[in-house]
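So the protein lines, in turn, are chains A and B.
Each residue of the first sequence is one higher than the one before, starting from 407 at the first, in this note's numbering.
Each residue of the second sequence is one higher than the one before, starting from 2 at the first, in this note's numbering.
First up is the structure itself, then whatever we jot down about it.
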Amino acid sequence: MRVKALTERIIRQFLWDKRTMALLFLAPLLVLTLVSLIFNGDAYRPSIGLVDVPSPIQAALEKSDAHLKTLSAAKANDELKDQKLDAVLKFEQGRPELTLEGSDPTSNRAVLEAFTNLGGGGQAAGVKPVIHYLHGGKSLNNFDNFGPVLLGIFVFFFVFLISGVSFLRERTNGTLERVLASPLRRGELVTGYFIGFGIFTIIQSALIAAYSVYVLDLWMAGSFWYVLLITLVLAFVALSLGMLLSTFANNELQMFQFIPLVIVPQVFFSGLFKLETISDWVSWISYVTPLYYGADALRGVMIRGEGWSGIWGDVGVLALFALVFIALNVLTLRKYRKL
Amino acid sequence: MSRPVLEIDHVAKRFAAKTVLSDVSLTIDKPEIFGLLGPSGAGKTTLVKMIVGMERPTEGSIHVLGVKVPNLKLMTDIGYMAQSDALYGELTAEENLKFFAQLYGLSGKRLKENAERVLELVGLQDDAKKPVQKFSGGMKRRLSLAIALIHRPKFLILDEPTVGIDPLLRKKLWDTFGELKDNGVTLIVTSHVMDEAERCDRLGLIRDGRLLACGTPAELKRATQTTTMEEAFLVYGGMGDAR
Ligand SMILES: Nc1ncnc2c1ncn2[C@@H]1O[C@H](COP(=O)(O)OP(=O)(O)O)[C@@H](O)[C@H]1O
Ligand SMILES: [Mg+2]
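Put into structure tokens, the structure is as follows:
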């Protein structure tokens, strides 16, 4: 009942605030469109697993800038699935077969590059392997690879900002205190916020995802519902984090100052850039950033067509993040009412 | 026999090392208008927040209607108007009112009736559909009062309710407070304006966190041999400084 009152009020506030609605719903579409138009990848050194490859061909491949690794067929398949390898070159009855992991177009191109440059005469020159893709395919482009991550980033960023600012306003204009002078429980307050924002987040994610898939032609191998689930959990993390950090801001400007501190590093570690190219001593940071898990799950569903078994780990970690932040929120609300 | 409406028993409040209130005791037995009078920074807001249950006393205890505060259930019986208006600017007056009413468990026909009644009481019935950010300071103050009244509380705590309200409306509001009292509501009204003091049944003079004196306006004036509340307060205030 009281939770419903809060939910309703948040929805009403949104409906009166057309600009925020536009920010939430239209800004992501605009940026996504721009990115899809202009994005271009750079050079990347692929890892290729070799199974029973004749030594002249191996020698020729070593001249390319690919990392090579000789291993058994079973192990090669495992590592390919785990994305530890970008491709595996196998010889089946003397015929070369190249299987690409396929979900990252930059890697795909780098692998194929290594083979087109084989040339230079000799035995290796004539090698034209049969090409397979584990996921994705030839038509997978950079935008397909980055799109799911961008989707996660947008949901996280806009929900963080809007919830942080609106909760900050509740703090600074005294309504938070006034609301807590009523018989409302602190937990009910947080729940009301979650439902109110949850509704807008679902609409936002559905809109962004549908626009990306149907208008911008983003690769979509898995289920739309999983995408919505992941973005919703990710949004809850952003919402609870925004609420929490608003405690440490005195005005809107200070809330925006959290962007380079909280959002930008997450973007760097979210998988938008290949983690292998980031120095080892900082790459552990990715494991403490919620966006990393959200992006991983979204890529899993959208590119590799993963189902629940592929994403439950990521969703679980995100839920854990949200729970911790929620608990901290309920605690910090004690500042306003000691009950 | 009924318990007193309010019992404040040797209450002190400290924030970190800063003492904001010390040794305040006060009892309200029956419905009345009790004025808490004192300069800005005296500790009035801190005291009423403890009565509402938003702060805990550092020492001593407070009972409202026989129940020790803070108590969540008790908050349903208390109407609170904060010193600064706490309203949602994007929403209309009606939407603000409805939201707070629901927090107090009102719904349906009762909510609608109560909303109409309090809007009329504060003279905002024609502005109900306007967004609050278009309101003047006085209109916001009146809406805050309407919100404090929406659930028909037995105990009303108003923190400087008449700041920024013109004299004519101020008189009307005080008439309303009188009517509420006649209907069995107890009111605590804080103020730093002395001329409002005469309209209270009893007064508590507060300064630097101490309750200097307590009594009807007539009693306080007689005790200090003065003719206005302003002079009476100065006498008590002077004594406070000497100590
Ligand atoms: N949360 C707090 N932390 C520290 N000091 C406070 C806090 N709240 C109030 N005070 C201090 O207590 C004193 C009394 O404040 P207040 O109760 O607002 O006075 P009044 O309402 O009479 O103007 C002021 O000096 C104020 O700075
Ligand atoms: Mg005050």
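Glycine included, every Cβ here is placed at the ideal spot set by N, Cα and C.
{"Item": "Can you tell me whether residue 541 of chain A is buried or exposed? The criterion is at least 16 other CB atoms within 10 Å of its CB, across all chains shown.", "Value": "buried"}
{"Item": "Compute the distance between the beta-carbons of residue 7 of chain B and residue 53 of chain B, then report whether it is under 8 Å.", "Value": "no"}
{"Item": "With H, G and I counted as helix, E and B as strand and the rest as coil, what does DSSP make of residue 151 of chain B?", "Value": "coil"}
{"Item": "Could you give the first and the last residue of the continuous alpha helix (DSSP H) run that contains residue 558 of chain A?", "Value": "548 to 578"}
{"Item": "In angstroms with no decimal places, state the Cα-to-Cα distance between residue 724 of chain A and residue 507 of chain A.", "Value": "26 Å"}
{"Item": "Taking the alpha helix (DSSP H) that residue 176 of chain B belongs to, which residues open and close that run?", "Value": "168 to 183"}
{"Item": "Scan the stretch 94 to 124 of chain B for residues whose Cβ lies nearer than 9 Å to a Cβ of chain A and list them as they occur along the chain.", "Value": "96, 97, 99, 100, 101, 102, 103, 104, 105, 106, 108"}
{"Item": "So which of A:612, A:428, A:410, A:490 has the shortest CA-CA distance to residue 477 of chain A?", "Value": "A:490"}
{"Item": "Which chain D residues are close to residue 744 of chain A, counting only those with a beta carbon under 9 Å from its beta carbon?", "Value": "In the structure shown, chain D does not exist; the protein chains are A and B."}
{"Item": "In angstroms with no decimal places, state the Cα-to-Cα distance between residue 409 of chain A and residue 58 of chain B.", "Value": "29 Å"}
{"Item": "Give me the chain B residues within the contact set of residue 407 of chain A, using Cβ-Cβ distance strictly less than 8 Å, ordered along the chain.", "Value": "103, 106, 108"}
{"Item": "What are the partner residues of residue 501 of chain A, as DSSP defines its beta bridges?", "Value": "A:498"}
{"Item": "Beta-carbon within less than 8 Å of residue 15 of chain B's beta-carbon, same chain only, minus the 5 sequence neighbours each way: which residues are those?", "Value": "21, 59"}
{"Item": "Going by the C-beta, is residue 69 of chain B closer than 7 Å to any heavy atom of ligand 2?", "Value": "no"}
{"Item": "Within its chain, find whatever has a CB closer than 8 Å to the CB of residue 195 of chain B; leave out the 5 residues flanking it on each side and keep chain order.", "Value": "38, 229, 230, 231, 234"}
{"Item": "Can you pull the DSSP bridge partners for residue 8 of chain B?", "Value": "B:28, B:64"}
{"Item": "Could you tell me the distance, in whole angstroms, from the CA atom of residue 237 of chain B to the CA atom of residue 120 of chain B?", "Value": "39 Å"}
{"Item": "Residue 89 of chain B by DSSP, collapsed to three states: which one?", "Value": "coil"}
{"Item": "Give every residue of the same chain whose Cβ lies closer than 7 Å to the Cβ of residue 415 of chain A, excluding the five residues on either side of it in the sequence, and list them in chain order.", "Value": "none"}
{"Item": "Could you spell out where the beta strand (DSSP E) holding residue 78 of chain B opens and where it closes?", "Value": "Careful: residue 78 of chain B lies outside any beta strand (DSSP E) and carries neither H nor E."}
{"Item": "Where does residue 690 of chain A land, buried or exposed, given buried means 16+ other C-beta within 10 angstroms?", "Value": "exposed"}
{"Item": "So residue 535 of chain A and residue 504 of chain A are supposed to be a Cβ contact under 8 Å. How far apart are they, rounded?", "Value": "4 Å"}
{"Item": "Since residue 705 of chain A contacts residue 555 of chain A with CB under 8 Å, what's their CB separation in whole angstroms?", "Value": "7 Å"}
{"Item": "Kindly list, in the order they appear in chain B, the residues whose Cβ is closer than 9 Å to that of residue 579 of chain A.", "Value": "85, 86, 87, 88, 89, 90"}
{"Item": "Between A:648, A:673, A:745, A:733, which has its C-alpha nearest residue 662 of chain A's C-alpha?", "Value": "A:648"}
{"Item": "Do you know offhand how far residue 32 of chain B's Cα is from residue 573 of chain A's?", "Value": "38 Å"}
{"Item": "Given that residue 671 of chain A touches chain B, what residues does it touch there, using C-beta distances under 9 Å?", "Value": "Within 9 Å Cβ-Cβ: nothing; residue 671 of chain A doesn't reach chain B, min ~33 Å."}
{"Item": "Which of the three DSSP states is assigned to residue 128 of chain B in this structure?", "Value": "helix"}
{"Item": "When you compare the CB positions of residue 494 of chain A and residue 437 of chain A, do they come within less than 8 Å of one another, or not?", "Value": "no"}
{"Item": "Return the Cβ separation of residue 657 of chain A and residue 578 of chain A in integer angstroms, given the expectation that the two are a contact with Cβ distance under 8 Å.", "Value": "7 Å"}
{"Item": "Could you give the C-beta distance for residue 170 of chain B and residue 94 of chain B, rounded to a whole number, given that I count them as a contact under 8 Å?", "Value": "About 16 Å; that fails the 8 Å criterion."}
{"Item": "Helix, strand or coil for residue 122 of chain B? Go by DSSP, reduced to three states.", "Value": "helix"}
{"Item": "Would you identify the three-state DSSP class for residue 539 of chain A, choosing helix, strand or coil?", "Value": "strand"}
{"Item": "Let's see if you can read the secondary structure: which residues bound the alpha helix (DSSP H) around residue 461 of chain A?", "Value": "461 to 468"}
{"Item": "Looking at the strands, I want to know which residues DSSP matches up with residue 192 of chain B.", "Value": "B:38"}
{"Item": "What span of residues does the alpha helix (DSSP H) with residue 517 of chain A cover, start to end?", "Value": "511 to 522"}
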